[in-house]
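In the UniProt record's numbering, the protein residues as written are 1 to 135.
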């Protein structure tokens, strides 16, 4: 089984080559919101521990920020450097894909997604701050 960094690199290559058109990014936004809704259901569930809930809440809020930025880029309301946009799109692709380092339906299936989202969230910290000040 590949690690999340190797799998993320695959999604980054996909973002650079297959998700350059605005229409594709619009479709990705819809997929991202649907995947985020599943996390919301998990967080509300009584079947997870408080520690799992806290981790999923962190994932939820970080992913929501990334989706908001992607939406603003899609609507020509925000600009980022192309390599940072690619990282953003790759993170969303990773999050929506059920087939990544740990399949999402497996126990701890969102663990690798959370690592990728946190990694990209840190890479884009200055852009996230700028987004919140400009929007």
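Backbone N, C-alpha and C fix where the C-beta goes; we use that ideal spot for every residue, glycine too.
Just to confirm the assignment, what range does the alpha helix (DSSP H) spanning residue 74 have?
50-74
Whole-angstrom C-beta distance between residue 67 and residue 92, which should lie under 8 Å
7 Å
Pick out whichever of 115, 124, 61, 95 has its Cα sitting closest to the Cα of residue 83.
124
Could you give the DSSP three-state label for residue 2: helix, strand or coil?
coil
Residue 77 versus residue 131 - alpha carbon distance
10 Å
What are the complete alpha helix (DSSP H) segments, minimum 4 residues, inside the region 16-46?
22-44
By DSSP, does residue 78 sit in helix, in strand, or in coil?
coil
Hey, does residue 5 have any beta-carbon neighbour from chain B nearer than 9 Å?
Considering every chain present, this structure includes no chain B. It has just one protein chain.
Residue 25 to residue 47, Cα distance in whole Å?
33 Å
Who are the near neighbours of residue 129 in its chain, counting only those whose CB is closer than 7 Å to its CB and skipping five residues on each side?
none
Since residue 126 is in the alpha helix (DSSP H), which residue starts that stretch and which ends it?
125-134
Closest by C-alpha distance to residue 42, when choosing among 58, 3, 8
When 58, 3, 8 are compared, the shortest CA-CA separation from residue 42 is found for 58.
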